[in-house]
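Remarks on the structure that follows.
2 protein chains.
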Amino acid sequence: MSANSPSTIPDIVIGRLPLYLRALKRLQQEGKTVTSSHELGKRLEISSAQIRKDLSHFGGFGKQGTGYQIEFLVDRLQEVLHVNKEWMVVVVGAGNLGIAISHYRGFQDRGFRIAHLFDISPQKIGEQIGEFVVQPVRSMREIIRREGIKIAMLAVPAEDAQGVADQLVEAGVQGILNYAPININVPANVQIQYIDPVTHLQHMTYYLAE
Amino acid sequence: MSANSPSTIPDIVIGRLPLYLRALKRLQQEGKTVTSSHELGKRLEISSAQIRKDLSHFGGFGKQGTGYQIEFLVDRLQEVLHVNKEWMVVVVGAGNLGIAISHYRGFQDRGFRIAHLFDISPQKIGEQIGEFVVQPVRSMREIIRREGIKIAMLAVPAEDAQGVADQLVEAGVQGILNYAPININVPANVQIQYIDPVTHLQHMTYYLAE
Chain R
1 MSANSPSTIP DIVIGRLPLY LRALKRLQQE GKTVTSSHEL GKRLEISSAQ IRKDLSHFGG
61 FGKQGTGYQI EFLVDRLQEV LHVNKEWMVV VVGAGNLGIA ISHYRGFQDR GFRIAHLFDI
121 SPQKIGEQIG EFVVQPVRSM REIIRREGIK IAMLAVPAED AQGVADQLVE AGVQGILNYA
181 PININVPANV QIQYIDPVTH LQHMTYYLAE
Chain U
1001 MSANSPSTIP DIVIGRLPLY LRALKRLQQE GKTVTSSHEL GKRLEISSAQ IRKDLSHFGG
1061 FGKQGTGYQI EFLVDRLQEV LHVNKEWMVV VVGAGNLGIA ISHYRGFQDR GFRIAHLFDI
1121 SPQKIGEQIG EFVVQPVRSM REIIRREGIK IAMLAVPAED AQGVADQLVE AGVQGILNYA
1181 PININVPANV QIQYIDPVTH LQHMTYYLAE
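As they're listed, the protein sequences go chains R and U. Just so you know, we're using this note's numbering here: the first sequence kicks off at 1 and counts up by one. Just so you know, we're using this note's numbering here: the second sequence kicks off at 1001 and counts up by one.
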């Protein structure tokens, strides 16, 4: 099975793989064991040709006409995305958003587990939030280093986001998912992604009559 | 200026337009007035050829070599995405997530304004959350109809999401942004988008060494 090295595959292709994985897992939940680029494409509103092309970067998953073995494709995508293991994640910010993230049930069986919840506010530190006790941001660096944590979710006010991101990077974090409505600068070797509800809303309004 | 009808443009292209708009507004904030598909592409990690092709669906924005007038392109993209007006949006669910959404400052000047916050819980109804008073879900349909609201954000527990979505659609909502970690069925004429942090996390872990 041939596979390109990570650097040769466009980032936009990588961004679609989690969508394929999610759709495949839904098909599994529906009891299906085999699917096709056509079926996947219909669910995701992506052309079947695009899906076949994207997947071909990672080796041969099936021949046209015979379909994809879902279990095999799920395993392979999890391997490619490095979520055939569980990543420890920290959440910074124990306001409403950080609390909501800490309670979010969508991480289960998808490669991530929240390990710690941090906040800077003395009123919040020590508070029990679900299964977490809010820890002080001043302990963050040591804990992240000691436990080798590589991923953080940022749920702090916009004005604090850059400062906290700098501390996370210094502690060894290599991937930051930022919920704050502000652009953040990180070194080139650190991944940054944004949760921006407005891009989704604008995608929808394109289709809405005025 | 030629432009295709909405139905002929792939949805995946539409999904990139809000990213272009966001990047262009950032360039404006940095004081720039002209940009290029190359500069935009570098910021977004999308090929300049792809960006030129995407934008060509909506008419002529500039010639290769001369660059794009940012203000003109921002105006045109806002028009294409129908965010050259302000859409009223309702939030359903006044738990931690709904409260966080109600306080989110990223909607400003991007085409959306939260008009109402609903919840089903008698303990929450009547509570003041920032500028909103939590209203009962049983009033939702009447308010949405009366005010002609077309967009809703869903911040309810996964098990309630489909039921609430059904009520929203019945009330006339045509676009739903779902934060719950569950797939929702809506009629073909209703837009649905998902906030799924895991797809972003998996996109990042692709690049992280194990």
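Even for Gly, the Cβ is constructed at its ideal location relative to N, Cα and C. Remember, it's a predicted structure, so these values are computed and weren't measured experimentally.
Might you give, ordered along the chain, the residues of its own chain that have their beta carbon closer than 8 Å to the beta carbon of residue i, omitting 5 neighbours on each side?
| i | result |
| --- | --- |
| U:Ala1209 | none |
| U:Gln1191 | Gln1174, Gly1175 and Ile1176 |
| R:Glu86 | Gly111, Phe112 and Arg113 |
| R:Gln28 | Ile70, Glu71 and Val74 |
| U:Gln1193 | Gly1175, Ile1176, Leu1177 and Asn1178 |
| U:Glu1045 | none |
| R:Pro187 | Val169 |
Take residue i and list the residues in its own chain whose beta-carbon comes closer than 6 Å to its own, dropping the five residues that flank it on each side.
| i | result |
| --- | --- |
| U:Asn1004 | Unreliable positioning characterises U:Asn1004 in this predicted model, as indicated by a pLDDT of 48, which lies under 50. The coordinate reading is nonetheless provided below. Counting only Cβ-Cβ distances below 6 Å, and skipping sequence neighbours, we find His1057. |
| U:Arg1052 | Ser1037 |
| U:Arg1043 | Ala1023 |
| R:Lys124 | Ala94 and Val134 |
| R:Ile120 | Val137 |
| U:Pro1122 | none |
Compare the Cα-Cα distances from residue i to each of the options and report the closest residue.
| i | options | result |
| --- | --- | --- |
| U:His1103 | U:Tyr1020, U:Pro1018, U:Gly1130 and U:Gln1135 | U:Gly1130 |
| U:Arg1138 | U:Glu1147, U:Arg1016, U:Val1013 and U:Phe1118 | U:Phe1118 |
| R:Thr35 | R:Pro10, R:Gly93, R:Thr66 and R:Leu19 | R:Thr66 |
| R:Pro18 | R:Leu201, R:Leu55, R:Thr8 and R:Asp160 | R:Leu55 |
| U:Arg1016 | U:Phe1132, U:Gln1050 and U:Ile1101 | U:Gln1050 |
| U:Glu1159 | R:Gly106, R:Leu81, R:Pro187 and R:Ile14 | R:Gly106 |
| U:Glu1142 | U:Pro1010, U:Ile1070, U:Asn1096 and U:Gly1172 | U:Gly1172 |
| U:Phe1132 | U:Ser1121, U:Ala1152 and U:Val1091 | U:Val1091 |
| U:Thr1033 | U:Ile1009, U:Glu1071, U:Ile1046 and U:Met1088 | U:Glu1071 |
| R:Gly98 | R:Ile144, R:Gly126, R:Thr8 and R:Pro157 | R:Pro157 |
| U:Met1140 | U:Glu1127, U:Glu1030, U:Val1089 and U:Pro1187 | U:Val1089 |
| U:Ala1152 | R:Pro187, R:Gly126 and R:Pro197 | R:Pro197 |
| U:Tyr1020 | U:Gly1031, U:Gln1108 and U:Glu1039 | U:Glu1039 |
Report yes or no: is there a C-beta of chain R within less than 9 Å of the C-beta of residue i?
| i | result |
| --- | --- |
| U:Met1001 | Confidence at U:Met1001 is low in this model, with a pLDDT of 33, below 50, so the placement of that residue should be treated as unreliable; the coordinate-derived value is given next. Not one chain R Cβ lies under 9 Å of U:Met1001. |
| U:Gly975 | Here chain U comprises residues numbered 1001 to 1210, so residue 975 of chain U is not present and cannot be evaluated. |
| U:Ser1047 | yes |
| U:His1200 | yes |
| U:Gln1028 | no |
| U:Phe1132 | no |
| U:Gln1191 | yes |
| U:Gln1050 | yes |
| U:Leu1024 | no |
Check the Cβ of residue i against every Cβ in chain B and list those closer than 9 Å, keeping chain order.
| i | result |
| --- | --- |
| R:Ala158 | Among the protein chains in the structure shown, which are R and U, there is no chain B. |
Does residue i have its Cβ less than 9 Å from a Cβ in chain U?
| i | result |
| --- | --- |
| R:Val169 | no |
| R:Ile101 | yes |
| R:Asn4 | Reliability of the predicted coordinates at R:Asn4 is poor, the pLDDT of 49 falling under 50, and the value obtained from them is presented with this limitation in mind. Closer than 9 Å: no. |
| R:Thr66 | no |
| R:Asp119 | no |
| R:Leu208 | yes |
| R:His203 | yes |
| R:Pro10 | yes |
| R:Leu154 | no |
| R:His82 | yes |
| R:Asp196 | yes |
| R:Pro18 | yes |
| R:Gly31 | no |
| R:Lys42 | no |
| R:Leu97 | yes |
| R:Lys53 | no |
Report back the beta-carbon spacing between residue i and residue j to the nearest angstrom; my notes put them in contact at under 8 Å.
| i | j | result |
| --- | --- | --- |
| U:Ile1195 | R:Ile195 | 6 Å |
| U:Ala1100 | R:Asn96 | 4 Å |
| U:Tyr1206 | R:Leu81 | 5 Å |
| R:His203 | U:Ile1014 | 6 Å |
Apart from the five residues on each side of it in sequence, which residues of its chain come closer than 7 Å, Cβ to Cβ, to residue i?
| i | result |
| --- | --- |
| R:Val83 | Arg110 and Gly111 |
| U:Ala1161 | Leu1154, Asn1178, Ala1180, Ile1182 and Ile1184 |
| R:Ser47 | Gly41 |
| U:Ile1009 | His1057 |
| R:Gly126 | Val133 and Val134 |
Going by the C-beta, is residue i closer than 8 Å to any heavy atom of the ligand FMN?
| i | result |
| --- | --- |
| U:Tyr1194 | Summarising the ligand content, the structure contains no ligands, and the ligand FMN is consequently not present. |
Are three or more beta carbon pairs between the region 161-178 of chain R and the region 1064-1078 of chain U nearer than 8 Å? no
Validate contact between the region 1145-1158 of chain U and the region 1014-1024 of chain U using beta carbons, cut 8 Å, 3 pairs: no
At a cut of 8 Å, does the region 105-119 of chain R reach the region 176-185 of chain R through at least three beta carbon pairs? no
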